[in-house]
Structure formats: structure tokens, C-alpha cells
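So for the sequence shown, numbering that gives the first Met the number 0 puts the first residue at 0; every next one is plus one.
Heads up: the structure comes next, in C-alpha cells.
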Amino acid sequence: MRVYRTAAAAPAHPRVVALGTFDGVHVGHQAVIGRAVARAREEGLASAVVTFDRHPLSVVDPGRTPRLLTPLEEKLGLIATLGPDEAVVLPFDAALASLPAEAFCRDLLHSRLRARAVVVGENFRFGAGGAGDPEALRRWGEELGLAVEVVPLVNHGGQPISSSRIRRLLARGALEEVRAILGRPPAAEGVVVGGDRRGRRLGVPTANVDVEAHRVFPGRGVYLAAARVGADWFRAAVNVGRAPTFRAADDEAAHLLVEAHLLGFSGDLYGRRLRLEFLHKLRDEQRFDDVDGLLAQLRRDLRAAAALDDPVLREHGLPPRGDAGEG
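Encoded structure:
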């Protein structure tokens, strides 16, 4: 897949366009992109995914900007697996935010990108103030000879799939449902940074992961995850929270921590990049009366993380283990 970082950089040839923000590249997005790829092949044209750099709300309503499910480069990597020939990334700035919907259709899609067909989801909005919708796109498309195909929303559990729904489910730790909607486990990445070494003193060393500030990850609790360091994968017990046993109960200003214990790992992780694929929630975050109570629970968490089976873990060569595999 060739990537063009502006519309002006894209070659001037006819194409079928899948248009959307596509944060998360969930199964609903996959349906839109897959239809554009199929239509392009049917018509002998190039297929292109047109998406945005920065979430549109970061410009039009910064206070409501959501954390991203997939930062741009990860989003492009996921899109590439769906088979389009091209991706065109539109930097979402004040100029694009103020572009009227009709000008977006006529000038950008039709004239500059030479779109011959556009595929969108039924809830897609575009143009200044979100004034453009699929019906407006169809109306202008009829005048321009631009075919417009609208893909119905995909439902799961009787409700439409959306990026905002996924964020809400992640906050609850509903990982099984999130996996079904995304078509893969939710993930987060970051560099391992120094901490207070409390876990090491307790005999359960953890990697403190500085996750991307703009990325959403599961709500507070303890999780089973698959952890990648370089090319190697490990089972991991991951705590997302504020270490309540060691902080005042009302310390809401405490920084949210992502701490991962990699089963079977020995070595130094400081400064290395760690990818975490969250698979199952083991429990909610808890406050313990003393360190002994915390340590006993941590050992139960490690036994659960070692014993649980999951197809993702098996894909990474990590079958269930009969011990906690402490490293």
C-alpha cells in the first residue's frame, strides 16, 4: 500500500475511495474498506483509503477530543492488511475543518483525487460543521458522475459498532466484547521507564510502561496480556491503576500507571518499547490493608495469568503454564 501524506501528493488517476476517520479500524470500518477494495477490482481502478491525521474533534472541539484507539501509523498498518492500493492522509487542520461539505466533495474528492466512486459508512459526516452526510454526497455525486455507495452500520449484540462504543467498553474492561468488535485484541504501546521499584522489592518486578498519552487503553484493573519485546512474546499480568495500597484513598491526582509483569522474562527492560495486547480482565483494582495482602493477591494474579488459555497466546507460542512463571 502506497501512502500519500497530502491529497496533492496522490497521483492524478481515477480511483475508488473509502472515506472515513477509521479510528480503531473495527469490523464496521473493515466492511467499508473491503467494499471499496472489491469495487475497485470490479471496475479495474485503484483503491484508496482517505483518512485523517488527527481526530477531527481535536480541531473543531478540542475539549471533546477522545483518546485514539489507533494512532495514525498503527491505523495505516491495519488498513494495509485489508488490501487497498493507496492511503491518502489528509492533515486535519483549521482549513480542512472550515471547508464546506460541497467543496470537499467537488474540489477534493472529485477534482483533486479523481474519485470515480466513494464508499462511506451510513453515519459518516464531513465538511464544515459536519454538514455533509451520505445523502448530500449522493446528490452531488449524481451531478458529477461520482458513484456513492453507503455501507450499513454493522451491529454486534444488537447495537451498532462504533469507535465511541469501543472506548466505553474498554473503560469497563469488557475485553471479550471489544475483541469481537475490533476483530483483534485491544493494544497499547510505550517505552519502559523507571519507577519506584516497589514490585522488585516485593519479588514481583514490573515494567512501568509510558503509554502514549493520546491513546485509550482499558480501565483500572488487572489484566492478562500478551507482551512483545522486540521479536519475543511473553504472557503478562498488567495492572492499570493508581497503586491505591500505597496512596491516599482520595489521591485522585495520582498518575495512572501501567505496570506489566512478564512471566518468564529475565533481563533489563528499561528504555525498551513494549507492546501489550489485552486479552482478559482478571479483577478490578483493589486497595489492600497491608503489603502481605497485596502480595498474596499478586501471586494469585500470576497463577491465573499463567494458567488461562487463549488463541492469541497460542499463536505467539504461549500455551498455558502450570506455574506462575515468575521472572
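Here a beta-carbon is modelled for each residue, glycine too, at the ideal position from N, C-alpha and C.
- Can you tell me which of L281, S161 and D209 puts its alpha carbon nearest to the alpha carbon of D22? For this step, residue 22 is matched to residue 23 along the sequence shown. Residue S161 is the option with its Cα nearest to D22.
- Task: Figure out for me which residue from L44, F51 and H25 has the closest Cα to the Cα of V2.
- Result: Position 3 of the sequence shown, counting from 1, holds the residue named residue 2. Answer by Cα proximity: F51.
- Message: Going by beta-carbon coordinates alone, are S46 and A30 separated by less than 8 Å?
- Response: Residue mapping note: residue 46 aligns to position 47 of the sequence shown, counting from 1. Residue mapping note: residue 30 aligns to position 31 of the sequence shown, counting from 1. Cβ distance not < 8 Å, so S46 and A30 don't count as in contact.
- Message: Can you tell me where the alpha helix (DSSP H) holding A96 begins and where it ends?
- Response: Stepping through the sequence shown from its first residue, residue 96 is reached at position 97. Looking at the DSSP string, the run of the alpha helix (DSSP H) that includes A96 is A93 to A96.
- Query: Does the beta-carbon of G266 have 16 or more other beta-carbons within 10 angstroms, so that it is buried, or is it exposed?
  - Reply: One-based indexing of the sequence shown puts residue 266 at position 267. By the neighbour-count rule (16 or more Cβ atoms within 10 Å), G266 is not buried but exposed.
- Message: Check whether the region 140-156 and the region 47-67 are in contact - that is, three or more C-beta pairs closer than 8 Å.
- Response: no
- Message: Between which residues of its own chain and V149 is the CB-CB distance below 7 Å, once the five residues before and five after are set aside?
- Response: For the purposes of this step, residue 149 is taken as residue 150 along the sequence shown, with counting starting at 1. Here the set comprises V119, E121 and P133.
- Task: Using a threshold of 8 Å, state whether the C-beta atoms of V26 and I165 are closer than that.
- Result: Residue numbering aside, residue 26 sits at position 27 when the sequence shown is read from its first letter. Residue numbering aside, residue 165 sits at position 166 when the sequence shown is read from its first letter. The answer is no: Cβ separation not under 8 Å.
- Task: Quick one: using the 10 Å Cβ neighbour count with 16 as the cut-off for buried, is L278 buried or exposed?
- Result: Along the sequence shown, one-based indexing puts residue 278 at 279. Its Cβ being crowded by 16 or more others within 10 Å, L278 is buried.
- Message: Just to confirm the assignment: which complete alpha helix (DSSP H) runs, minimum length 4, are found wholly within the region 131-166?
- Response: 133-143
- Query: Which of helix, strand or coil does DSSP assign to F216?
  - Reply: Counting from 1 along the sequence shown, the entry for residue 216 is found at position 217. Here F216 sits in coil by DSSP.
- Message: Buried or exposed, going by whether 16 or more other CB atoms sit within 10 Å of the CB of Y269?
- Response: Here residue 269 corresponds to residue number 270 of the sequence shown, with the count starting at 1. Answer is exposed; the Cβ neighbour count stays below 16.
- Alpha-carbon to alpha-carbon, L68 and G172: By 1-based counting over the sequence shown, the position of residue 172 is 173. By 1-based counting over the sequence shown, the position of residue 68 is 69. Between G172 and L68, the C-alpha separation is close to 14 Å.
- Message: Assuming contact is defined by CB atoms lying nearer than 8 Å, are G19 and H28 in contact in what I supplied?
- Response: Counting from 1 along the sequence shown, the entry for residue 19 is found at position 20. Counting from 1 along the sequence shown, the entry for residue 28 is found at position 29. Contact: yes.
- Using the rule of at least 16 other Cβ atoms within 10 Å of the residue's Cβ for burial, across every protein chain shown, is H213 buried or exposed? Stepping through the sequence shown from its first residue, residue 213 is reached at position 214. By the 10 Å Cβ count, H213 comes out exposed.
- Task: Report the rounded CA-to-CA distance for A305 versus R63, giving the unit in angstroms.
- Result: For the purposes of this step, residue 305 is identified with residue 306 of the sequence shown, where counting begins at 1. For the purposes of this step, residue 63 is identified with residue 64 of the sequence shown, where counting begins at 1. For the pair A305 and R63, the Cα-to-Cα distance works out to about 39 Å.
- Count the CB pairs spanning the region 76-85 and the region 101-116 that are closer than 8 Å, and state whether there are at least three. no
- Item | N- and C-terminal bounds of the beta strand (DSSP E) containing E276 | Residue numbering aside, residue 276 sits at position 277 when the sequence shown is read from its first letter. Note, E276: beta strand (DSSP E), R272 to D283.
- Which residues bound the beta strand (DSSP E) around D231? In the sequence shown, residue 231 corresponds to position 232, counting from 1. It spans D231 to G240 - the beta strand (DSSP E) in which D231 sits, taken as one unbroken run.
- Query: Is it buried or exposed for P90, if we count other Cβ within 10 angstroms and need 16 for buried?
  - Reply: Here the question's residue 90 lines up with position 91 in the sequence shown. P90 should be labelled exposed.
- Query: Considering only the beta carbon of each residue, do V190 and R274 sit closer than 8 Å?
  - Reply: As a first step, residue 190 is located in the sequence shown; it is residue number 191 there, counting from the start. As a first step, residue 274 is located in the sequence shown; it is residue number 275 there, counting from the start. Taking 8 Å as the Cβ cut-off, V190 and R274 do not qualify as a contacting pair.
- Message: Suppose you measure from the CA of V117 to the CA of E72; what does that come to, to the nearest Å?
- Response: Taking the first residue of the sequence shown as 1, we reach residue 117 at position 118. Taking the first residue of the sequence shown as 1, we reach residue 72 at position 73. Cα to Cα, V117 sits roughly 23 Å from E72.
- Consult DSSP for A6 and reduce its assignment to one of helix, strand or coil. For this step, residue 6 is matched to residue 7 along the sequence shown. In the three-state reduction of the DSSP assignment, A6 falls in the coil class, being assigned neither a helical nor a strand state.
- Helix, strand or coil at P90 [DSSP, three-state]: On the sequence shown, residue 90 is found 91 positions in, with the first residue counted as 1. The answer is strand: DSSP assigns P90 an E or B state.
- 8 Å Cβ cutoff met for H109 and L145: Against the sequence shown, residue 109 aligns to sequence position 110. Against the sequence shown, residue 145 aligns to sequence position 146. Cβ atoms of H109 and L145: closer than 8 Å.
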